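Numbering (full-length UniProt numbering), first residue to last: 1 to 452.
The structure appears below as structure tokens.
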Amino acid sequence: MSAPAEPAVEVPIREKNGAGWTPNENETKNLLTKEFEEYVAKLSKDFHVPGVSVAVVDGDKTLGPDVKATSDTLYYVGSITKGMTAAALLYLVNESAKSDRPITLDTKVQEILKDDFVLSDDYATKEANLRDPRDSVRLLRHLPMSKGFREQFQYSNMSYQVAQHVVETLAGESIGALGQAQAKPDRLAKGYACNAAKGNEMTCQPWCETNLVGPSGVISTVDDFAKYLRAMIHRTLPMSTDLQDALVRPVIPMGFNGPRVGVVYQLGGVPGFTSLAGYLPDKKFGAIVATNGDFGGMARRDVTGFWGGFAGGMRFMYVGGKKRLFPTAPEPPLPPSLPLEAYQGTYSHPGYRTITFSVEAPAADLPVSGDVKAVLHGTKETEWGFVLDLDHVSGEEFVAYINMEGRSAMAQGAVAAAFELGADGKVARVGIDLEAFPQPMSAAKIWFDKIS
Numbered sequence: 001m002s003a004p005a006e007p008a009v010e011v012p013i014r015e016k017n018g019a020g021w022t023p024n025e026n027e028t029k030n031l032l033t034k035e036f037e038e039y040v041a042k043l044s045k046d047f048h049v050p051g052v053s054v055a056v057v058d059g060d061k062t063l064g065p066d067v068k069a070t071s072d073t074l075y076y077v078g079s080i081t082k083g084m085t086a087a088a089l090l091y092l093v094n095e096s097a098k099s100d101r102p103i104t105l106d107t108k109v110q111e112i113l114k115d116d117f118v119l120s121d122d123y124a125t126k127e128a129n130l131r132d133p134r135d136s137v138r139l140l141r142h143l144p145m146s147k148g149f150r151e152q153f154q155y156s157n158m159s160y161q162v163a164q165h166v167v168e169t170l171a172g173e174s175i176g177a178l179g180q181a182q183a184k185p186d187r188l189a190k191g192y193a194c195n196a197a198k199g200n201e202m203t204c205q206p207w208c209e210t211n212l213v214g215p216s217g218v219i220s221t222v223d224d225f226a227k228y229l230r231a232m233i234h235r236t237l238p239m240s241t242d243l244q245d246a247l248v249r250p251v252i253p254m255g256f257n258g259p260r261v262g263v264v265y266q267l268g269g270v271p272g273f274t275s276l277a278g279y280l281p282d283k284k285f286g287a288i289v290a291t292n293g294d295f296g297g298m299a300r301r302d303v304t305g306f307w308g309g310f311a312g313g314m315r316f317m318y319v320g321g322k323k324r325l326f327p328t329a330p331e332p333p334l335p336p337s338l339p340l341e342a343y344q345g346t347y348s349h350p351g352y353r354t355i356t357f358s359v360e361a362p363a364a365d366l367p368v369s370g371d372v373k374a375v376l377h378g379t380k381e382t383e384w385g386f387v388l389d390l391d392h393v394s395g396e397e398f399v400a401y402i403n404m405e406g407r408s409a410m411a412q413g414a415v416a417a418a419f420e421l422g423a424d425g426k427v428a429r430v431g432i433d434l435e436a437f438p439q440p441m442s443a444a445k446i447w448f449d450k451i452s
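Structure, rendered in structure tokens:
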């Protein structure tokens, strides 16, 4: 999709049958109606979503409304990838039973990855098995453990980079090659983000190929994903039923409020793309929704209270970051020990690599006060092209606003930062609470030493 486009809503619901689409309104009228299409179109407009594709699995049927973004439009499905990475790992566990070196879910990660897998905690390094790999491969040894080993559930993209490495080591090829399908590259949608700070301006996301395949790198159509969803529903994945059960069985309990229902679902998103897939096992019913817009424009709760509330909560945490993080900061603030230019330079951490700061005028959409004329703008060596803008609070304390180079509401936050001076009176290091982004994991700052 070369530009935002409103979904077309006047075409009736159709059932996929063989190579084409043929009407079957008797079977679908109670499930997907013209009113449903109009509802989706209205939500797309209200939430600033350029295009959406939907597929519904109902028993043996795959259904979906016709929109300008069609069933063969390709999308990044974001974190929905995690379930597929786990399925690939379980498939290899299943296949290994036929070999002379079978593995199980209790096989230690270090037995497979050897010295590639080292954590900062020796016990966790030795005991982590295929049920619970966490953090990202060779840089792990330099990152502090934010919680005790298996102490609680933590959502972690880095865990699935470890799982990706395990899959590729066992398979002897890249995870991308394992799941390669024939698709038309010209059907890959362009991702868009809605910048609420600029009057809901739509910006195209400069998304590119990434090594983050295991946690969020799958590109799919809703047609193809519906096949995977059907296999999940009918338990026909190429592995034992015990392993298929393990795919959706919680390993570490999560806090949960409200009634328990028989539903399996996953939300996904990378800047410019948002997706949702789930199914009701007892009803043999599921759906996949993929869009080429992130949730920056979401202010209502029509689709799900969680999704709208999550988006609004992230926005509040970002815009109100300074007061939230420093509620007792003095007014007027204490000045920094040195001129702002003295804090410029490159800082390094063995696990998080480098950040380079320079004094720049604040971007127009940063939530800083009108009298702020300069911030420390930092560029970080990451897959997603994150940037940091440090706004002075008081003394050596700063608030760090985290964004992508192309703004996206799903990849922005505000965390605490502080500088320390050395015995020579010069800036020695900066500490940034990166473990609090995108969700709180640890109160400890990550300290970067100034190297130039």
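Yeah, the Cβ is synthetic: ideal placement off N, Cα and C, and Gly gets one too.
Note that the structure is a prediction, hence the values are computed from the model and not measured.
Option in the options with minimal Cα separation from residue i
i, options, result
"SER71", "PHE36, SER240, ALA189, ASN157", "ALA189"
"residue 493", "ALA226, ARG101, SER159", "Since the first and last residues shown for the chain are 1 and 452, residue 493 lies out of range."
"GLY422", "VAL430, VAL415, ALA416", "VAL430"
"ALA193", "ASN292, ASN129, PRO238, TYR160", "ASN292"
"PRO250", "TYR265, TYR75, PRO238", "TYR265"
"GLN290", "VAL54, VAL40, PHE36", "The residue asked about is misnamed: residue 290 is Ala in this sequence, not Gln. It is VAL54 whose Cα lies nearest to the Cα of ALA290."
"PRO271", "ASP245, PHE36, VAL49, GLN344", "VAL49"
"GLY370", "TYR352, ASP391, LYS380", "ASP391"
"ALA128", "ALA97, ARG101, VAL162, ASN157", "VAL162"
"MET84", "TYR160, VAL399, TYR352", "TYR160"
"ALA428", "VAL399, GLY378, TYR343, ALA363", "TYR343"
"THR379", "VAL372, ASP389, TYR228", "ASP389"
"ALA414", "LEU338, GLY385, LEU434, LYS42", "LEU434"
"GLN244", "ALA86, GLY320, PRO350", "ALA86"
"VAL319", "LEU247, THR33, ALA400", "ALA400"
"VAL77", "LEU276, LEU338, GLN412", "LEU276"
"GLY385", "ASN403, VAL372, PHE398", "ASN403"
"GLY51", "ALA97, VAL222, PHE117, GLY59", "VAL222"
"ILE451", "LEU63, GLN164, HIS349", "HIS349"
"ARG407", "VAL393, ALA444, ALA41, VAL387", "VAL387"
"LYS322", "VAL393, LYS284, ILE288", "VAL393"
"ASP116", "ASP224, GLN164, ASP242", "GLN164"
"ASN157", "GLU111, SER79, LYS98", "SER79"
"ASP224", "MET239, LEU63, GLY425", "LEU63"
"ASP60", "GLU405, LYS284, LEU376", "LYS284"
"ILE432", "ALA444, ASP424, GLY425", "ALA444"
"MET239", "ARG324, HIS377, LYS98", "LYS98"
"GLU405", "HIS377, TYR228, GLY425", "HIS377"
"ILE288", "ASP424, GLU111, ASP100, MET232", "MET232"
For residue i, the first and last residue of its enclosing alpha helix (DSSP H)
i, result
"THR169", "157-171"
"PHE36", "34-46"
First through last residue of the beta strand (DSSP E) which encompasses residue i
i, result
"ALA266", "Note that residue 266 is Gln in the sequence shown, not Ala. Counting along the chain, the beta strand (DSSP E) containing GLN266 begins and ends at 264-270."
"LYS450", "446-450"
"GLU397", "397-404"
"LEU188", "Premise fails: LEU188 is in no beta strand (DSSP E) and is neither H nor E."
"THR287", "First, the amino acid is wrong: residue 287 is Ala here, not Thr. Counting along the chain, the beta strand (DSSP E) containing ALA287 begins and ends at 285-291."
"PHE273", "273-280"
Beta-carbon proximity check, residue i vs residue j, cutoff 8 Å
i, j, result
"ILE175", "ALA88", "yes"
"PRO281", "GLY268", "no"
"ILE355", "PHE419", "no"
"GLY395", "PRO332", "no"
"ARG230", "THR73", "no"
"TYR39", "PHE273", "no"
"VAL213", "VAL166", "no"
"LEU340", "ALA364", "no"
"THR107", "SER216", "no"
"TYR352", "ILE446", "yes"
"TYR279", "VAL56", "no"
"PHE398", "ALA417", "yes"
"LEU334", "ALA246", "no"
**Report entry** Runs of beta strand (DSSP E) lying entirely within the region 49-108, each at least 3 residues, in chain order
**Finding:** Unbroken beta strand (DSSP E) runs of no fewer than 3 residues, entirely contained in the region 49-108, are found at 52-58, 61-64, following chain order.
Query raised in the report: Is the region 325-335 close to the region 359-376, with three or more CB pairs under 8 Å?
Result: Segments in contact, no.
Query raised in the report: Can you give, in chain order, each stretch of the beta strand (DSSP E) that sits fully within the region 215-249 and has at least 3 residues?
Result: None, since the region 215-249 contains no complete beta strand (DSSP E) of that length.
Report task. Tell me, please, whether the region 92-106 touches the region 163-173 by the rule of three or more beta-carbon pairs shorter than 8 Å. Result -> The region 92-106 makes contact with the region 163-173; the number of CB pairs closer than 8 Å reaches 3 or more.
Query raised in the report: Which parts of the region 319-385 are runs of the beta strand (DSSP E), unbroken and 3 residues or longer, counting only runs that do not cross its ends?
Result: 345-349, 353-360, 375-380, all fully within the region 319-385.
Report task. Jot down the residue ranges of each uninterrupted beta strand (DSSP E) in the region 403-434, minimum 3 residues, whole runs only, in chain order. Result -> The qualifying runs are 413-421, 427-432.
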